[in-house]
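Trainee:
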Amino acid sequence: MGTEDRRREFAEVTQYQDIHVMTTASTNIHRKLIKRLILGWVVLSVVLGGVVFLVKLEDIDDFVETLAINESKPLIHDRQYFSQDITEQEREEILSKLNHHIEMAHFVVVELYSADRKELYKVTSKDTDITEKCEKYIESDNHSYLFGDTAKYTKYFIDRRVYLNFVVPLFDDNNKKYGYFEAVYRADDRTMAAIRNLTFGSLLIVVVTVFVTVIIFYPIVMGMNKDLITLNKDLTTLTYNLSDANIGILKSLGSAIAKRDSDTNSHNYRVTIYAVTLGETLKLQDIEIQSLIKGSFLHDIGKIAISDNILLKQGKLTEEEFDMMKTHVSHGVDIVGQYEWLRTALDVVANHHERYDGKGYLRQLKGEDIPYNARIFAIADVFDALTSKRPYKEPFSYEKTIEIMKENSGKHFDPALLEVFIGISAALYDQISRTEDTILEKTMTGLVSKYF
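Going by UniProt numbering, the residue at position 358 of the sequence shown is 358; the numbering climbs one at a time, nothing skipped.
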């Protein structure tokens, strides 16, 4: 199989995998959306159904009250029932009429009172069982509050049936109260069926309406989700492009100084790997390691402004030359500070030559006044400087390097950080110190991919 065939096969497999991933993701989104819409349907149906049920209860009260008042009108408007100047025979006739009214209508109890709430008549249904239950409810509920200047009622549910205990004040043409009419009204089977139909019909309308709304919203939400995925993909692509551009700037700037200093990126790669490994061991946050990577790779960017006579000199620098070399720190700050994305590298760029004892440069910071990332980088930088060949020196052995660094604990280096680094330094030295540039670059690229 030729190279072109292998590329085509790889592209087809990759395309199939992408389609499979997209199909699976789309299916999962559909399932989640359906579950959430069903949950929303149930919740809204319960909430709105509860509201409708409470509203319908008020309608039921009005409905039953209207029925009760209409059936009691023959008694309410007959002044004879409230006359106290009657014979015993007339009284018996009134009781007979009231009993007949109970038999013909839906009343369980009927009571007539004078204006001063003196009981005149009381008749009850022959269904003693239900009568006793109603009277127990009335007795347990101090219903004296029903006697006023307006019709009032209270509702009971007995054996899954509606009962209405109501009191109607009675007034003559001169608006003078002449009595009260009290009764317990029982909703019959037809009325209860109407109540159930009214209630469940309303609830069904609510449930169906919410369901239809959910069905209508489903394609709308899916369409919006599709647009959101497209937008997110575009933003992700833009973010990757910006990130690649920023990383490209980082590498280009690091390479620029490497070309002038030692014609290789090895030092930048190694010190960055050393510093990041120490940062990971110290459990730094990702955003702190991002800053450490930027600062490590660009720590000597200011050397661009140093002349070749000083930068590439084989022997020891004079005091005047060393003072000029020190200015690479301030030049680096000027360069990095001009670009927003690189400014988090300033902790390392501005302070990587400070010493823990305060004898470093440029600001002679001391101890924990030195930024944490700069203290980490100082260890990585000196470790690589000692173990590497430079124009003015041969590399020290690992053992000699660690001996020198221990001697400078508390002087050049933060003792606590140095102790942690020494614990991981042997493995790092074996892995990194003599590794080819191509391998170092791959390792560095892996760190960039992990944290950016």
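All C-beta atoms, glycine included, are put in the ideal place defined by N, C-alpha and C.
Take T281 and list the residues in its own chain whose beta-carbon comes closer than 7 Å to its own, dropping the five residues that flank it on each side.
Mentor: Here residue 281 is taken as the residue at index 281 of the sequence shown, counted from 1. V420, I424.
Trainee: Can you tell me whether DSSP reads L120 as helix, strand or coil?
Mentor: Taking the first residue of the sequence shown as position 1, residue 120 is located at position 120. The answer is strand: DSSP assigns L120 an E or B state.
Trainee: Can you find at least 3 beta carbon pairs, one from the segment 402 to 412 and one from the segment 292 to 305, that sit closer than 8 Å?
Mentor: Touching, no, given that fewer than three Cβ pairs across the two stretches are closer than 8 Å.
Trainee: For Y178 versus S125, is the C-beta distance shorter than 9 Å?
Mentor: Your numbering for residue 178 matches position 178 in the sequence shown. Your numbering for residue 125 matches position 125 in the sequence shown. Not a contact, by the Cβ cut-off of 9 Å.
Trainee: Rounding to the nearest angstrom, what Cα-Cα distance links T128 and D116 in this structure?
Mentor: By one-based count along the sequence shown, residue 128 stands at place 128. By one-based count along the sequence shown, residue 116 stands at place 116. If you take the alpha carbons of T128 and D116, they lie about 29 Å apart.
Trainee: May I ask you to report which of helix, strand or coil DSSP gives I273?
Mentor: Along the sequence shown, read from residue 1 onward, the residue named residue 273 stands at position 273. Three-state DSSP puts I273 in a helix.
Trainee: Where does R355 sit, in a helix, a strand or coil, going by DSSP?
Mentor: Within the sequence shown, numbered from 1, the residue matching residue 355 stands at position 355. Coil at R355, not helix or strand.
Trainee: Taking only the alpha-carbon atoms, compute the straight-line gap between I130 and Y81 and give it to the nearest angstrom.
Mentor: Position 130 of the sequence shown, counting from 1, holds the residue named residue 130. Position 81 of the sequence shown, counting from 1, holds the residue named residue 81. Distance between the alpha carbons of I130 and Y81: 26 Å.
Trainee: In angstroms with no decimal places, state the Cα-to-Cα distance between D357 and L447.
Mentor: Against the sequence shown, residue 357 aligns to sequence position 357. Against the sequence shown, residue 447 aligns to sequence position 447. C-alpha separation (whole angstroms): 32 Å.
Trainee: By DSSP, does N309 sit in helix, in strand, or in coil?
Mentor: Within the sequence shown, numbered from 1, the residue matching residue 309 stands at position 309. If DSSP states are grouped into helix, strand and coil, N309 belongs with the helices.
Trainee: Within 10 Å of its beta-carbon, does Y339 have 16 or more other beta-carbons around it, so buried, or fewer, so exposed?
Mentor: As a position in the sequence shown, residue 339 is number 339, starting the count at 1. Exposed is the call here.
Trainee: List in chain order: all unbroken beta strand (DSSP E) runs of 3+ residues lying wholly within the segment 132 to 194.
Mentor: Counting only runs of 3 or more, we get 152 to 158, 161 to 171, 177 to 186.
Trainee: Mind reading off the beta-carbon distance from residue 480 to Y145? Whole number of angstroms is fine, and I expect it under 8 Å.
Mentor: Summary: the structure shown does not reach residue 480, with the chain confined to residues 1 through 452, and so no result is reported for it.
Trainee: Answer yes if the segment 321 to 339 comes into contact with the segment 300 to 309, meaning at least three C-beta pairs across the two stretches below 8 Å, and no otherwise.
Mentor: Yes: the two stretches touch, three or more of their Cβ pairs being nearer than 8 Å.
Trainee: Does the Cβ of S114 lie closer than 8 Å to at least one heavy atom of the ligand ATP?
Mentor: Because no ligand of any kind appears in the structure shown, any question about the ligand ATP cannot be addressed here.
Trainee: Let me make sure I understand the geometry here. Which of H353, V348, V109 has the alpha-carbon closest to that of residue 453?
Mentor: Any answer about residue 453 is impossible in this case: the structure gives the chain only from 1 up to 452.
Trainee: Per DSSP, Y113 forms a beta bridge with which residues?
Mentor: Numbered from 1 along the sequence shown, position 113 holds the residue referred to as residue 113. Its beta-bridge partners are E119, Y180.
Trainee: Who pairs with K393 in a beta bridge, going by DSSP?
Mentor: Taking the first residue of the sequence shown as 1, we reach residue 393 at position 393. Paired residues: R390.
Trainee: Give the DSSP-derived three-state secondary structure of A409 in the structure shown.
Mentor: Here residue 409 corresponds to residue number 409 of the sequence shown, with the count starting at 1. Checking the displayed sequence, the identity of residue 409 turns out to be Ser instead of Ala. It is a strand residue.
Trainee: Could you give the residue range of the alpha helix (DSSP H) that holds S449?
Mentor: Residue 449 sits at position 449 when you count from the first residue of the sequence shown. Here the alpha helix (DSSP H) through S449 covers 437 to 451.
Trainee: Would you decide whether T236 is buried or exposed? Buried here means 16 or more other CB atoms lie within 10 Å of its CB.
Mentor: Indexing the sequence shown from 1 puts residue 236 at position 236. Any reading at T236 must be qualified, since the residue scores a pLDDT of 44, below 50, and its modelled position is unreliable; the value itself is stated next. It is exposed - the Cβ of T236 has fewer than 16 other Cβ atoms within 10 Å.
Trainee: Under 9 Å between the Cβ atoms of A151 and P169?
Mentor: Here residue 151 refers to the residue found at position 151 of the sequence shown. Here residue 169 refers to the residue found at position 169 of the sequence shown. Their beta carbons are under 9 Å apart, which means A151 touches P169 by this criterion.
Trainee: Would the beta-carbon of A380 fall within 9 Å of that of R355?
Mentor: Stepping through the sequence shown from its first residue, residue 380 is reached at position 380. Stepping through the sequence shown from its first residue, residue 355 is reached at position 355. The answer is no: Cβ separation not under 9 Å.
Trainee: So C134 and V109 are supposed to be a Cβ contact under 8 Å. How far apart are they, rounded?
Mentor: Numbered from 1 along the sequence shown, position 134 holds the residue referred to as residue 134. Numbered from 1 along the sequence shown, position 109 holds the residue referred to as residue 109. Rounded, the Cβ-Cβ distance is 6 Å, consistent with contact.
Trainee: Candidates E119, Y269, L112, P371: which alpha carbon is nearest L428's?
Mentor: Within the sequence shown, numbered from 1, the residue matching residue 428 stands at position 428. That would be Y269, whose Cα lies nearest to the Cα of L428.
Trainee: In the DSSP assignment, find the alpha helix (DSSP H) that holds L292 and state where it starts and stops.
Mentor: Mapped onto the sequence shown, residue 292 falls at position 292. 286 to 298 is the extent of the alpha helix (DSSP H) around L292.
Trainee: Going by beta-carbon coordinates alone, are L298 and V336 separated by less than 9 Å?
Mentor: Position 298 of the sequence shown, counted from the first residue, corresponds to residue 298. Position 336 of the sequence shown, counted from the first residue, corresponds to residue 336. Result yes, Cβ atoms of L298 and V336 sit closer than 9 Å.
Trainee: Measure the C-alpha to C-alpha separation of T318 and Y398 and round it to an integer number of angstroms.
Mentor: Taking the sequence shown and counting its residues from 1, the one referred to as residue 318 is at position 318. Taking the sequence shown and counting its residues from 1, the one referred to as residue 398 is at position 398. Roughly 29 Å separates the two Cα atoms.
Trainee: If we count the other Cβ atoms within 10 Å of its Cβ and call it buried at 16 or more, is residue 453 buried or exposed?
Mentor: Given a span of 1 to 452 for the chain in the structure shown, any question on residue 453 remains unanswerable.
Trainee: Report all residues from its chain with a CB closer than 7 Å to the CB of N351; omit the five preceding and five following residues, and keep chain order.
Mentor: Your numbering for residue 351 matches position 351 in the sequence shown. Around N351: L365, I370, P371, A374.
Trainee: Can you tell which of V42, V167, T209 has the C-alpha that lies nearest to the C-alpha of D149?
Mentor: As a position in the sequence shown, residue 149 is number 149, starting the count at 1. Checking every option, the nearest Cα to that of D149 belongs to V167.
Trainee: Would you mind stating whether E111 and F181 have Cβ atoms separated by less than 9 Å?
Mentor: Here residue 111 refers to the residue found at position 111 when the sequence shown is read from its first residue. Here residue 181 refers to the residue found at position 181 when the sequence shown is read from its first residue. In this structure, F181 lies closer than 9 Å to E111 by Cβ.
Trainee: I need the straight-line Cα distance from H412 to G360, nearest angstrom please.
Mentor: Here residue 412 refers to the residue found at position 412 of the sequence shown. Here residue 360 refers to the residue found at position 360 of the sequence shown. For H412 and G360, the distance between alpha carbons rounds to 8 Å.
Trainee: Are there 16 or more other CB atoms within 10 angstroms of the CB of I439, so buried, or fewer, so exposed?
Mentor: Stepping through the sequence shown from its first residue, residue 439 is reached at position 439. Exposed: under 16 other Cβ atoms inside 10 Å.
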